[in-house]
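**Q** Got a structure for you, written out below as structure tokens; questions coming shortly.
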Amino acid sequence: MGFFSLTESMTIQKVKGFLLCLLKVPVAQLLLSYESPKVAQQNMKSMPGREIELENDQQSLQFYSVENGDCLLVRW
Numbered sequence: 380m381g382f383f384s385l386t387e388s389m390t391i392q393k394v395k396g397f398l399l400c401l402l403k404v405p406v407a408q409l410l411l412s413y414e415s416p417k418v419a420q421q422n423m424k425s426m427p428g429r430e431i432e433l434e435n436d437q438q439s440l441q442f443y444s445v446e447n448g449d450c451l452l453v454r455w
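If you count the sequence shown from 1, you need to add 379 to reach our numbering.
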């Protein structure tokens, strides 16, 4: 779809609100996770392409260690 910049201080709830406006999908249906090339490289032998779920809406992206270059995955 495209690339968007998010700040590390944004909560998962705020990210979902942004996605509601962008995708017109109810927040309750959104499932967020991310993949980090850094995590994939560190765990190449044991867990390639590890996906990390963003489950707690009150936590920030920083809490989940989301960094510049990571890929946010959105499912509904």
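We put the CB at the ideal spot given by N, CA and C, even for glycine.
What are the boundary residues of the beta strand (DSSP E) that includes VAL453?
**A** Where VAL453 is concerned, the enclosing beta strand (DSSP E) stretches over 450 to 454.
**Q** Quick one: measure Cβ to Cβ for SER415 and GLU446, integer angstroms, because I've assumed they're closer than 8 Å.
**A** 7 Å
**Q** Does DSSP put LEU362 in a helix, in a strand, or in coil?
**A** Past the edges of the chain, shown from 380 to 455, lies residue 362, and the structure says nothing about it.
**Q** Between which residues of its own chain and LYS395 is the CB-CB distance below 6 Å, once the five residues before and five after are set aside?
**A** VAL406, LEU409
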